[in-house]
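2 protein chains.
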Amino acid sequence: MALSHAILVSLLDRPQSGYDLAKRFDRTVGFFWKVSHQQIYLELHKLARSGWVASAPVEPSERPNRIAYQLTEDGRKALDQWMLEPTEPPNFKEEMIVKLFALEASNRDTIRKEIERRRDLHTQRLAHYQALMAEHYPEPARLSARRRGRYLGLRMGIVTEQTTIAWCEEAIACIDLDAPKRTKSDPARPR
Amino acid sequence: MALSHAILVSLLDRPQSGYDLAKRFDRTVGFFWKVSHQQIYLELHKLARSGWVASAPVEPSERPNRIAYQLTEDGRKALDQWMLEPTEPPNFKEEMIVKLFALEASNRDTIRKEIERRRDLHTQRLAHYQALMAEHYPEPARLSARRRGRYLGLRMGIVTEQTTIAWCEEAIACIDLDAPKRTKSDPARPR
DNA sequence: ACGATATACGCAACAGATTGCATATGCAAA
DNA sequence: TTTGCATATGCAATCTGTTGCGTATATCGT
Numbered sequence: 001m002a003l004s005h006a007i008l009v010s011l012l013d014r015p016q017s018g019y020d021l022a023k024r025f026d027r028t029v030g031f032f033w034k035v036s037h038q039q040i041y042l043e044l045h046k047l048a049r050s051g052w053v054a055s056a057p058v059e060p061s062e063r064p065n066r067i068a069y070q071l072t073e074d075g076r077k078a079l080d081q082w083m084l085e086p087t088e089p090p091n092f093k094e095e096m097i098v099k100l101f102a103l104e105a106s107n108r109d110t111i112r113k114e115i116e117r118r119r120d121l122h123t124q125r126l127a128h129y130q131a132l133m134a135e136h137y138p139e140p141a142r143l144s145a146r147r148r149g150r151y152l153g154l155r156m157g158i159v160t161e162q163t164t165i166a167w168c169e170e171a172i173a174c175i176d177l178d179a180p181k182r183t184k185s186d187p188a189r190p191r
Numbered sequence: 001m002a003l004s005h006a007i008l009v010s011l012l013d014r015p016q017s018g019y020d021l022a023k024r025f026d027r028t029v030g031f032f033w034k035v036s037h038q039q040i041y042l043e044l045h046k047l048a049r050s051g052w053v054a055s056a057p058v059e060p061s062e063r064p065n066r067i068a069y070q071l072t073e074d075g076r077k078a079l080d081q082w083m084l085e086p087t088e089p090p091n092f093k094e095e096m097i098v099k100l101f102a103l104e105a106s107n108r109d110t111i112r113k114e115i116e117r118r119r120d121l122h123t124q125r126l127a128h129y130q131a132l133m134a135e136h137y138p139e140p141a142r143l144s145a146r147r148r149g150r151y152l153g154l155r156m157g158i159v160t161e162q163t164t165i166a167w168c169e170e171a172i173a174c175i176d177l178d179a180p181k182r183t184k185s186d187p188a189r190p191r
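Chains as they are written, first to last, in the UniProt record's numbering: chain V, 1 to 191; chain A, 1 to 191.
And the structure:
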């Protein structure tokens, strides 16, 4: 049950509505962990039923249809308990690997282009993460505990993208290892 | 629908039963993609209903309760179609990041130990992958197309584990950056 | 005044995946 | 001979997560 606990962690900071949580997810871990707003509303209802969160008073200045939730004592205890439990390595369903397993039986040109597309996509993501890093963490050595956790999350994003890009380059070079040599004037690539 | 296509790709090789497929999954991509045997049996039924696989004759020498499936013409077409579709980057629900987001509010010692545990686990996985690499792909430059796809899958496993281990080391070093200095004779670590 | 966009919540149906249970055979070790 | 293990399949319940739809209000530009 990772999402519910991610919500609890976010509520440690301050009371938030489902909408707030969804936006915050998108801005922080959203790139490598997609969560739909439906899922968040659903989890909030469940957490409320468990008594781990409760509706928080909404400032009269805010919209009336907004429902903010705050962490309860029970929720805080549940979170502390969860922190003690071991984490599983995430599993990682990379469809590219499945396609590569079919390398012999399928069109190499298609696969190569797809890996190139993925490489470009990850290059964009990396640039985005690096911009965030430069903007928010110019001096990592001097961060508060609160910001250090977020910094490490972003670092994971960066090293993951770098690794993925390097792997894509390796895969592109590897796919045609047995193909006949090509020249610039004859760039046709055989199947 | 990635699992169903992974099954189709595996059946490209030869007809297989659910049990065969499950074992093969465990031996190949199983480390980073856990699939239960139930899920495989379920998908096989679905694929059979769609007409993408069909029961294959079972050798009389084999156990009678074994049901092997083979790819049909339709299944092969569906697979070719799927190869043309773009792949999404996998999403990657790393619970450690959620825990790190709670760094300020929780026990650092617990988090540090958990990251050390994860680092050790990934170190074991890496050793396992490297053993597989040495055993099966001692000379990567001379592989057939069939084996090259599998080689690249294993390479992805290796670089992913290496990256994860390096990130764990970085995180361990980073967690206590603001803690008072410790000596070997006084290894107590404050919260 | 109108439309676009952002805010804000939720239901219903489905798909994907896990967990626990049930069943049955064959083989080898204690 | 009994116990346990590997082989081999499957149901039912549950949980997790997605997709599509529906409903509002507020804000802002034209």
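Every residue, glycine too, gets a C-beta built ideally from N, C-alpha and C.
Distance CB(residue i)-CB(residue j) smaller than 8 Å
i: F32(V); j: G149(V); result: no
i: L79(A); j: L8(A); result: yes
i: L21(V); j: I40(V); result: yes
i: K99(V); j: I111(V); result: yes
i: R146(V); j: E104(A); result: yes
i: L152(A); j: M133(A); result: no
i: V53(A); j: L44(A); result: yes
i: E170(V); j: L126(V); result: no
i: D176(A); j: R66(A); result: no
i: Q124(A); j: A68(A); result: no
Same chain, Cβ closer than 6 Å to residue i, five either side skipped, listed in chain order
i: W82(A); result: H5
i: R14(V); result: none
Same chain, Cβ closer than 7 Å to residue i, neighbours up to 5 away in sequence not counted
i: R118(A); result: M96 and C168
i: residue 263(A); result: Here chain A covers residues 1 to 191 and nothing more, so residue 263(A) does not appear.
i: P140(V); result: Y151
i: H136(A); result: none
i: F25(V); result: V35
i: Q70(A); result: L11, P15, V53, A54 and A56
Below-8 Å beta-carbon distance, residue i vs any chain V residue
i: F25(A); result: no
i: I67(A); result: no
i: D74(A); result: no
i: L100(A); result: yes
i: M133(A); result: no
i: A171(A); result: yes
i: A78(A); result: no
i: L152(A); result: yes
Closer than 7 Å: residue i CB and nearest the ligand SAM heavy atom
i: D26(V); result: For the structure depicted, the ligand SAM is absent and the ligand set is empty, with no information on it obtainable.
Residues that residue i contacts on chain V, provided the C-beta gap is smaller than 8 Å
i: S146(A); result: Looking at the sequence itself, residue 146(A) is Arg, so the reference to Ser does not match. Chain V residues near R146(A): L103 and E104.
i: K34(A); result: N91
i: L84(A); result: T110
i: R14(A); result: Correct list: empty, because the minimum Cβ distance to chain V is about 12 Å.
i: H122(A); result: P89
i: L177(A); result: A141, L143 and R148
Member of the options whose CA lies at the smallest distance from the CA of residue i
i: R76(V); options: L47(V), F92(V) and L143(V); result: L47(V)
i: I165(V); options: A68(A), N65(A), L44(A) and P89(A); result: P89(A)
i: V35(V); options: H45(V), G18(V), L126(V) and E114(V); result: G18(V)
i: T28(A); options: R108(A), I115(A) and Y129(A); result: Y129(A)
i: K113(A); options: P86(V), Q70(V) and C174(V); result: P86(V)
i: C174(V); options: L121(A), A2(A) and S144(A); result: S144(A)
i: N91(A); options: F101(V), R49(V) and H122(V); result: H122(V)
i: Q38(V); options: P138(V), R49(V) and L3(V); result: L3(V)
8 Å Cβ cutoff, residue i in contact with chain A
i: H5(V); result: yes
i: G18(V); result: no
i: R119(V); result: no
i: E114(V); result: yes
i: A22(V); result: no
i: R191(V); result: Because the pLDDT of R191(V) is 44, which lies under 50, any placement of that residue in the model is unreliable, and the number read from its coordinates should be weighed accordingly. False, the Cβ-Cβ gap to chain A never drops below 8 Å.
i: A127(V); result: no
Residues that residue i contacts on chain V, provided the C-beta gap is smaller than 7 Å
i: V53(A); result: Under the 7 Å cutoff, chain V gives no residues; its nearest Cβ is about 15 Å from V53(A).
i: A2(A); result: K93, E95 and V98
i: T160(A); result: T163
i: residue 192(A); result: Since the first residue shown for chain A is 1 and the last is 191, residue 192(A) is missing from the structure and cannot be characterised.
Interface partners of residue i on chain A, CB under 7 Å
i: V9(V); result: V98, F101 and A102
i: R49(V); result: By Cβ distance, chain A contributes nothing, its closest Cβ being about 21 Å from R49(V), past 7 Å.
Contacts around residue i, its chain only, beta-carbon distance under 8 Å, and the 5 residues preceding and following it disregarded
i: E116(V); result: C168 and I172
i: R191(V); result: Any reading at R191(V) must be qualified, since the residue scores a pLDDT of 44, below 50, and its modelled position is unreliable; no value is offered.
Beta-carbon neighbours of residue i, restricted to chain V and to distances below 9 Å
i: A166(A); result: V159
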